[in-house]
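Residue numbers (full-length UniProt numbering), protein chains in the order written: chain G, 1 to 371; chain L, 1 to 301.
The structure under discussion appears below in the form of structure tokens.
Here it is, written out as structure tokens:
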């Protein structure tokens with residue numbers, strides 16, 4: 001079993017600067033967990049602490065059923081893929097792959113067999129006798145992947161492994177890594193993965209679950225769909241999704257058939273759905289959230305918001321429309337045809353889809369519309 | 001300006017003329033530059049060229065003129081100089097030099113690498129103070145420590161042995177080299193070392209298998225500097241070595257001036273040429289690494 005468990009993990013630098021504030025995280029056996037967050041959220045620090053490259057200031061990390069806080073990296077049963085590949089420049093690919101096994105005292109035959117096996121899986125056989133400087137970025141990253149794979153570790157750690165590659169290669173490596181993970185899982189091998197990235201596309205497409213971090217704290221841990229559809233707080237709501245969710249200041253009051261949300265001089269009446277979801281006593285200043293894709297054009301007699309179009313970015317099949325409603329700025333994604341038909345004199349009548357709007361507490365940022 | 005104007009015959013002619021002038025100017029400046037470089041280079045090298053030429057002259061011819069070409073070339077200077085005025089040949093003195101240089105160079109490289117690795121990669125209590133102390137010794141003039149060192153080595157019974165000449169260096173006593181390696185190490189990203197640790201290497205294995213191979217150019221520079229400086233060191237052996245049979249070449253050269261009643265200059269010059277050879281050979285053989293080492297380390301040699 002290779003589940004990873006983190007309890008009250010803290011990292012303090014120079015005695016005062018707290019980078020990680022006692023986080024708790026469980027990664028199940030065989031799970032692909034992505035740590036995602038903006039720069040400085042301590043996601044890489046967390047990964048490096050799991051690897052044993054950073055000391056633990058508080059709390060503990062266990063892999064399987066042993067606490068690994070005080071074990072050197074080599075004895076933790078982990079393998080790591082670095083952002084800059086970190087291949088040993090003076091060793092040929094074959095030696096790069098076998099270095100760890102050699103240190104572990106594996107027999108020569110076994111090392112040769114495993115090098116061959118990994119080279120076949122990653123299609124790097126023709127590269128085995130090259131030096132790292134003779135490899136392209138993609139090839140080097142595959143070798144780095146091979147170096148992790150060959151060790152048959154309990155937990156794989158990835159530290160932004162694709163950020164040095166171009167967009168096309170990144171997409172193909174994404175598929176390759178998830179495919180590899182699936183195959184390892186099918187073969188019954190240890191395949192627990194902790195993957196750090198700042199790229200939400202990577203996170204959403206690769207992770208079984210995603211852990212969103214901010215300023216050394218975990219904001220939410222959930223599968224990609226839940227993160228998108230039911231964000232716990234305004235940060236997660238804004239971080240996940242492209243273009244990012246509209247998060248604007250608003251006021252909530254109770255109207256006849258449900259809550260009324262007011263932006264500046266404009267109000268919109270919602271119905272039973274939002275009323276049912278909204279936490280009891282939600283009233284007054286809030287943060288209103290709705291994704292750009294979750295607006296629709298209002299039918300003539302319907303209660304709607306009058307939007308002023310500032311700018312429209314044509315993206316081929318759809319338009320990103322930047323609008324203001326009651327002084328607040330929003331982005332709306334509309335099909336090209338709909339936008340052309342509906343925009344009259346730089347004005348639009350639109351309505352957010354009630355089932356998909358969120359109300360966040362203004363002070364804490366907590367989602368109060370999840371019930 | 002219209003298209004036709006740009007491509008008119010006159011414009012093309014002007015452009016070609018300009019290019020021709022530019023090319024001529026480049027050729028002239030290149031010629032001037034190379035002439036100056038050659039002349040200055042020759043002026044700087046002339047003493048060496050003269051030394052080599054004069055070592056093949058007879059004693060009387062040496063002071064006859066400033067030209068370096070011998071009129072009647074002879075290798076008498078080499079043959080007689082090699083025999084020396086002592087019971088030992090010059091070969092013995094070369095061997096003595098080797099006995100100092102070999103341990104000094106090898107242990108300097110090893111010890112300075114270890115110390116630089118420690119300073120560059122580990123956090124330990126008192127690191128700053130220790131580092132300042134090491135760098136402080138760089139600023140201390142050698143002459144200040146001569147007498148206390150002499151007394152120390154005398155009490156250890158090391159006088160008239162080679163130990164005082166190489167043991168301090170074997171304990172990373174040359175702060176300059178520690179600093180040079182440290183600068184080089186700082187420029188090497190830590191990722192590879194971290195990868196090695198994840199691969200299961202301990203600190204020492206990381207040093208041997210990962211850091212040292214990347215540090216080779218800097219280590220070669222250290223070895224070269226130490227080799228040349230030791231080869232040229234006169235004061236150290238003069239203070240600590242008193243038996244003629246243990247003299248290195250630097251002292252042996254001086255010996256031939258001391259003992260002969262009338263100086264046999266061609267012998268002295270011939271032996272000087274031989275003394276220069278090892279440093280020159282070693283330098284040219286490892287020139288590539290040497291330049292790489294000092295430039296990458298950010299320390300100008």
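Ideal placement from N, C-alpha and C gives every residue a C-beta, glycine not left out.
On the criterion of 16 or more Cβ atoms from any shown chain inside 10 Å, does residue 73(G) qualify as buried, or is it exposed? Label assigned to residue 73(G): buried.
Does residue 8(G) come out as helix, strand or coil in the three-state DSSP assignment? DSSP places residue 8(G) in strand when its eight states are reduced to three.
Could you list the residues in the segment 85–99 of chain G with a C-beta less than 7 Å from some C-beta on chain L, going in chain order? Residues are counted here when their Cβ sits less than 7 Å from a Cβ of chain L; for the segment 85–99 of chain G these are 86, 88, 89, 90 and 99, given in chain order.
Within 7 Å (strictly less), CB to CB, does residue 297(L) reach chain G? Here the model assigns residue 297(L) a pLDDT of 42, short of 50, so the residue's position is not dependable, and the following value carries that caveat. Using a Cβ-Cβ cut-off of 7 Å, residue 297(L) does not count as an interface residue toward chain G, since no Cβ of chain G sits closer than that to its own.
What's the C-alpha gap between residue 307(G) and residue 324(G)? Near 6 Å, if we compare the C-alpha coordinates of residue 324(G) and residue 307(G).
Find the residues of chain L that neighbour residue 78(G), judging by a C-beta separation of less than 9 Å, and give them in chain order. What residue 78(G) touches in chain L: 198.
Could you compute how far the alpha carbon of residue 236(L) sits from the alpha carbon of residue 254(L)? Whole-angstrom Cα-Cα distance: 14 Å.
State the beta-bridge partners of residue 262(G) as determined by DSSP. 251(G) and 267(G).
Give, in chain order, every residue of the segment 54–77 of chain G whose Cβ lies closer than 8 Å to some Cβ of chain L. Against chain L - using a Cβ distance shorter than 8 Å - the residues of the segment 54–77 of chain G are 72, 73, 74 and 75.
What are the residues of the segment 170–202 of chain L that lie near chain G, defined by any Cβ-Cβ distance shorter than 8 Å? Across the segment 170–202 of chain L, CB contacts with chain G closer than 8 Å involve 189, 191, 192, 194, 195, 196, 197, 198, 199, 200, 201 and 202, in sequence order along the chain.
Can you pull the chain L neighbours of residue 82(G), defined as C-beta to C-beta under 8 Å? Within chain L, the residues 191, 194 and 195 have their CB atoms less than 8 Å from the CB of residue 82(G), given in chain order.
Segments of 4+ residues assigned as alpha helix (DSSP H) that fall wholly inside the segment 101–151 of chain L: Runs of alpha helix (DSSP H) with 4 or more residues, each lying fully within the segment 101–151 of chain L, are found at 127–139, listed in chain order.
From residue 289(G) to residue 31(G), what does the alpha carbon distance come to, in whole angstroms? Looking at the backbone, the Cα of residue 289(G) and that of residue 31(G) are separated by about 31 Å.
Output the residue ranges of the beta strand (DSSP E) runs that lie fully inside the segment 178–223 of chain G and measure 3 residues or longer, sorted by chain position. Secondary structure in the segment 178–223 of chain G: the beta strand (DSSP E) runs of 3 residues or longer, each lying completely within the stretch, are 192–197, 209–214 and 217–222 in chain order.
Among the residues of its own chain, which have a CB less than 8 Å from the CB of residue 371(G), if the five just before and after it don't count? Only 276, 277, 278 and 279 meet the Cβ criterion.
Tell me which same chain residues have a C-beta within less than 7 Å of the C-beta of residue 234(G), skipping the five on either side of it? Answer for residue 234(G): 247, 287, 289, 360 and 365, listed in chain order.
Identify each residue in the segment 202–232 of chain L for which the Cβ-Cβ distance to at least one residue of chain G is less than 9 Å, and report them in chain order. Of all residues in the segment 202–232 of chain L, the ones placed with a Cβ closer than 9 Å to any Cβ belonging to chain G are 202, 205, 209, 210, 213, 214 and 216, in chain order.
On a Cα-Cα basis, can you pick out the residue from 311(G), 79(G), 268(G) and 61(G) that is closest to residue 351(G)? For residue 351(G), the closest C-alpha among the options 311(G), 79(G), 268(G) and 61(G) is that of 268(G).
Do we get a CB-CB distance below 7 Å when we pair residue 272(G) with the residues of chain L? Not closer than 7 Å to any Cβ of chain L, the Cβ of residue 272(G) fails to qualify, so no.
Please report the straight-line C-alpha distance between residue 53(G) and residue 69(G), rounded to a whole angstrom. The alpha-carbon separation between residue 53(G) and residue 69(G) amounts to approximately 11 Å.
Along chain L, in chain order, which residues have C-beta atoms closer than 7 Å to that of residue 103(G)? What residue 103(G) touches in chain L: 199, 200, 201 and 205.
Under a three-way DSSP split, which group does residue 43(G) fall into? Note: residue 43(G) maps to helix in three-state DSSP.
Let me know the secondary structure DSSP gives residue 298(L) once reduced to three states. Here residue 298(L) scores only 36 on pLDDT, less than 50, and its place in the model should not be relied on; the value that follows carries that caveat. When DSSP states are grouped into helix, strand and coil, residue 298(L) belongs to the coil group.
Spatial distance of residue 222(L) from residue 144(G) (CA atoms): In this structure, the straight-line span from the alpha carbon of residue 222(L) to that of residue 144(G) is close to 33 Å.
Among all the DSSP beta bridges, which residues are the ones paired with residue 349(G)? DSSP lists 306(G) as partners of residue 349(G).
Residue 44(G) beta carbon less than 7 Å from that of residue 159(G): Cβ distance < 7 Å, so residue 159(G) and residue 44(G) count as in contact.
Rounded straight-line distance, which links the Cα of residue 207(L) to that of residue 194(G): For residue 194(G) and residue 207(L), the distance between alpha carbons rounds to 28 Å.
Is it right to say residue 287(L) is buried, meaning 16 or more other beta carbons lie within 10 angstroms of its own, or is it exposed? By the neighbour-count rule (16 or more Cβ atoms within 10 Å), residue 287(L) is not buried but exposed.
Three-way DSSP call (helix, strand, coil) for residue 311(G) in this model: Strand.
First through last residue of the beta strand (DSSP E) which encompasses residue 78(G): Annotation for residue 78(G): the continuous beta strand (DSSP E) segment containing it runs 78–81.
Quick check on the burial criterion: 16 or more other C-beta atoms within 10 angstroms. Buried or exposed for residue 136(G)? Flag for residue 136(G) reads exposed.
Using the C-alpha atoms, what's the distance from residue 85(G) back to residue 175(G)? Rounded to the nearest angstrom, the two C-alpha atoms are 18 Å apart.
Buried or exposed for residue 183(G), please, with buried defined as at least 16 other CB atoms from any protein chain shown within 10 angstroms of its CB. Flag for residue 183(G) reads exposed.
Inter-residue spacing [alpha-carbon to alpha-carbon] between residue 224(G) and residue 240(G): In a straight line, the C-alpha of residue 224(G) is about 9 Å away from that of residue 240(G).
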